[in-house]
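The sequence shown stops at residue 567 when you use the numbering used here, and every number in between is there.
What follows is one structure encoded as structure tokens, with my remarks underneath.
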Amino acid sequence: MNHIAHDNIFEYLSVDMDMEEDDIRNKLHELGTKSFIEYLKEKEVSMFKTPTLLSAELRDTIGSVLINKDIPLDLYLDTLLDRYLIDTYFTTSPFAIQTSDEILKIYKKKATIKVFGEIDKIQIKQEKYLKFYKRLATGEIKTNSEFEGFLHSLLGNTEGISFMLKMMKTIDMNKIEFTQTTNSTYLCITLALLYIKKNKSIDQRTFLQKIACTTFLQNAGLFSGLVTKDAHNFEKCKKAAMVVDRLCKDKSVTDAVKSRHSYVDDMGKPVFDDLADRKNMYKSFLMSVNLFIDIVKKNKFAPENIEVHKAMYELSMQGFADRRVVVLLGELFLPRIKHQLLEFAFKIQDQCNEKPIIWGIAGDMLPIKFICNKEECRHAGTHKTLVPQDVKIVADEIYETKTKRGMYYTCDFLTNRLQIMYKGLQKEMKQNN
135 MNHIAHDNIF
145 EYLSVDMDME
155 EDDIRNKLHE
165 LGTKSFIEYL
175 KEKEVSMFKT
185 PTLLSAELRD
195 TIGSVLINKD
205 IPLDLYLDTL
215 LDRYLIDTYF
225 TTSPFAIQTS
235 DEILKIYKKK
245 ATIKVFGEID
255 KIQIKQEKYL
265 KFYKRLATGE
275 IKTNSEFEGF
285 LHSLLGNTEG
295 ISFMLKMMKT
305 IDMNKIEFTQ
315 TTNSTYLCIT
325 LALLYIKKNK
335 SIDQRTFLQK
345 IACTTFLQNA
355 GLFSGLVTKD
365 AHNFEKCKKA
375 AMVVDRLCKD
385 KSVTDAVKSR
395 HSYVDDMGKP
405 VFDDLADRKN
415 MYKSFLMSVN
425 LFIDIVKKNK
435 FAPENIEVHK
445 AMYELSMQGF
455 ADRRVVVLLG
465 ELFLPRIKHQ
475 LLEFAFKIQD
485 QCNEKPIIWG
495 IAGDMLPIKF
505 ICNKEECRHA
515 GTHKTLVPQD
525 VKIVADEIYE
535 TKTKRGMYYT
545 CDFLTNRLQI
555 MYKGLQKEMK
565 QNN
């Protein structure tokens, strides 16, 4: 691909001037051709400084040539604009710009400014993820620089730039999807950085680039205009995978995007039920993090709430999420001692046939006891806990957990083990301080 395509001259100018197409059209009608061209020069539109050649003939709807291939755009700009003034319904063939190094540099700069501007708008409006984004802003975790590196790579060729321009054009009508994409991308990159610390043999640069590609392009079909919002999820994933295949050129990344909504197979088997299904780490990160985002969105909990993480552990036990990613989410959002207690609690939970509920104490909600509604169980203690109302968590239409209101009894067997772990962690913290 040696060109960047636009639907018309106004779309091209919109990118260069960072203005809405309709506003540019209105300006032309307000000023007339001659004054409008002077206005473009005052705004330092790039075609007047950098040779901007067409890669194909520009024609009108009846096939007449308006501007020949390899001709500088500004040479016949006045004639082209006159046609728009004469005929309100005038249109042309697609507008294709040859991509010299200088042209690519201009487009890359414009696209970078635009995408980061949109991401900034989303991040400051994210009440639930405000702490997370503030933490990234400190530079404590290098997520921002890794995403910038990915974006630099994506915009290094005409295909990547063309995708980004389409994405920016459709972003206002796809705000919900772009918000989800932004949260998913930044969370996955952050978790990938934590994962790499524990797995030194991983090629860090390659892994992070592919994680970013998987998550940032998960809705690429919609952003490219290849599919509409009301299309079936299967079709959305299929079209997104087509874009990803061209831009990322990695089968595992393409497969991850293609199956991002497939939490169960045709037989109803959960996606991460077998070890073999957990070999594609891009898929594990994408689908597990998207479930986490869905839980936070659909329920009245912040990402730091322990109920969200308890739900994620249960999802992993049922095969709907990858346990490795769930543990990383706990490490990211929970205080260290709470995260370690919760991880340990789920490791020992099935040692009692009744699988008692992991419960937090009032205040800081430290998960230091197990409760069960089986009064006659031989592990039941004398201490009672009243759950005044149902605690319900839903996620992506595949999962619902509900702790029913009522009287519960402490499971002494597992609670004692959890208490020993808790005391050990407290002692360790005191020694470290």
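Ideal placement from N, C-alpha and C gives every residue a C-beta, glycine not left out.
Neighbour-count burial assignment, Ala271, 16 or more Cβ in a 10 Å radius
Counted from its first residue, the sequence shown places residue 271 at position 137. With a threshold of 16 other beta carbon atoms within 10 Å, Ala271 falls short and is exposed.
Closer than 6 Å by C-beta to Asp546: which residues in its own chain qualify, once you throw out the five before and the five after it? Chain order, please.
On the sequence shown, residue 546 is found 412 positions in, with the first residue counted as 1. Correct list, in chain order: His513, Gly515.
When you compare the region 449-463 with the region 356-363, are there three or more beta-carbon pairs, one atom per stretch, that lie closer than 8 Å?
no
For Thr549, which residues of its own chain have a beta-carbon under 8 Å away from its beta-carbon, when the five flanking residues on both sides are left out?
As a working mapping, residue 549 is identified with position 415 in the sequence shown. Ile502, Lys503, Phe504, Gly515, listed in sequence order.
If distances are taken between C-alpha atoms only, which option among Asp208, Glu145, His163 comes closest to Pro185?
On the sequence shown, residue 185 is found 51 positions in, with the first residue counted as 1. Out of Asp208, Glu145, His163, Asp208 has the C-alpha closest to the C-alpha of Pro185.
Going by other Cβ atoms of all chains shown within 10 Å of its Cβ, with 16 needed for buried, is Pro437 buried or exposed?
To locate residue 437, count along the sequence shown from 1; it is residue 303. Result: buried.
Based on Cα-Cα distance, which residue from Asp216, Arg159, Val398, Val521 lies nearest to Phe368?
Position 234 of the sequence shown, counted from the first residue, corresponds to residue 368. The shortest Cα separation from Phe368 among Asp216, Arg159, Val398, Val521 belongs to Val398.
Residue from Glu172, Ile196, Tyr223, Glu176 whose Cα sits closest to the Cα of Asp212:
Mapped onto the sequence shown, residue 212 falls at position 78. That would be Glu172, whose Cα lies nearest to the Cα of Asp212.
By Cβ distance, which residues of its chain are closer than 6 Å to His473, with the 5 residues on each side in sequence left out?
Counting from one through the sequence shown, the residue named residue 473 turns up at place 339. Within the same chain, His473 has close Cβ partners Gly464, Glu465.
Counting Cβ pairs closer than 8 Å, one from the region 319-332 and one from the region 417-427, do we hit at least three?
yes
Could you check if Thr340 is buried or exposed, using at least 16 other CB atoms within 10 Å of its CB as the buried criterion?
Counting from 1 along the sequence shown, the entry for residue 340 is found at position 206. Looking at its Cβ environment, which holds fewer than 16 other Cβ atoms inside 10 Å, Thr340 is exposed.
Report the option in Lys300, Glu164, Gln523 whose CA atom is closest to the CA atom of Thr537.
Along the sequence shown, read from residue 1 onward, the residue named residue 537 stands at position 403. The option with the nearest alpha carbon to Thr537 is Gln523.
Would DSSP call Ala365 helix, strand or coil?
Taking the sequence shown and counting its residues from 1, one reaches residue 365 at position 231. In the structure shown, Ala365 sits in coil (DSSP, three-state: anything other than H, G, I, E or B).
Which residues share a DSSP beta bridge with Lys332?
By one-based count along the sequence shown, residue 332 stands at place 198. The partner list for Lys332 (beta bridge, DSSP) is empty, contrary to what the question assumes.
Determine the DSSP secondary structure at Gly515, reduced to helix, strand or coil.
What you label residue 515 is simply residue 381 of the sequence shown in a count that begins at 1. Reduced to three states, the DSSP call for Gly515 is strand.
Run of the beta strand (DSSP E) containing Asn286, from where it starts to where it stops
Position 152 of the sequence shown, counted from the start, is the residue given in the question as residue 286. As written in the sequence, residue 286 is His, which differs from the Asn given in the question. Unbroken run through His286 is the alpha helix (DSSP H), 277-288; no beta strand (DSSP E).
So is Asn278 in contact with chain D if we call contact Cβ pairs under 8 Å?
Among the chains in the structure shown there is no chain D, since it carries only a single protein chain.
Let's see if you can read the secondary structure: which residues bound the alpha helix (DSSP H) around Met298?
The residue given as residue 298 occupies position 164 in the sequence shown. It spans 292-304 - the alpha helix (DSSP H) in which Met298 sits, taken as one unbroken run.
Alpha carbon of Glu280 to alpha carbon of Ile323, nearest angstrom
Walking along the sequence shown from the start, residue 280 turns up at place 146. Walking along the sequence shown from the start, residue 323 turns up at place 189. Cα-Cα distance, rounded: 8 Å.
Do you know offhand how far Gln565's Cα is from Arg470's?
Your numbering for residue 565 matches position 431 in the sequence shown. Your numbering for residue 470 matches position 336 in the sequence shown. Their Cα atoms are separated by approximately 15 Å.
Taking just the CA atoms, how far does Trp493 sit from Glu441?
The sequence position of residue 441 within the sequence shown is 307, counting from 1. The sequence position of residue 493 within the sequence shown is 359, counting from 1. The straight-line gap from Cα to Cα measures roughly 9 Å.
In the DSSP assignment, what are the bridge partners of Thr537?
Counting from one through the sequence shown, the residue named residue 537 turns up at place 403. DSSP output for Thr537 lists Val525 as bridge partner(s).
Using the Cα positions of Lys561 and Lys392, report the straight-line distance between them to the nearest angstrom.
Within the sequence shown, residue 561 is the residue found at index 427, counting from 1. Within the sequence shown, residue 392 is the residue found at index 258, counting from 1. So the alpha carbons of these two residues sit roughly 47 Å apart.
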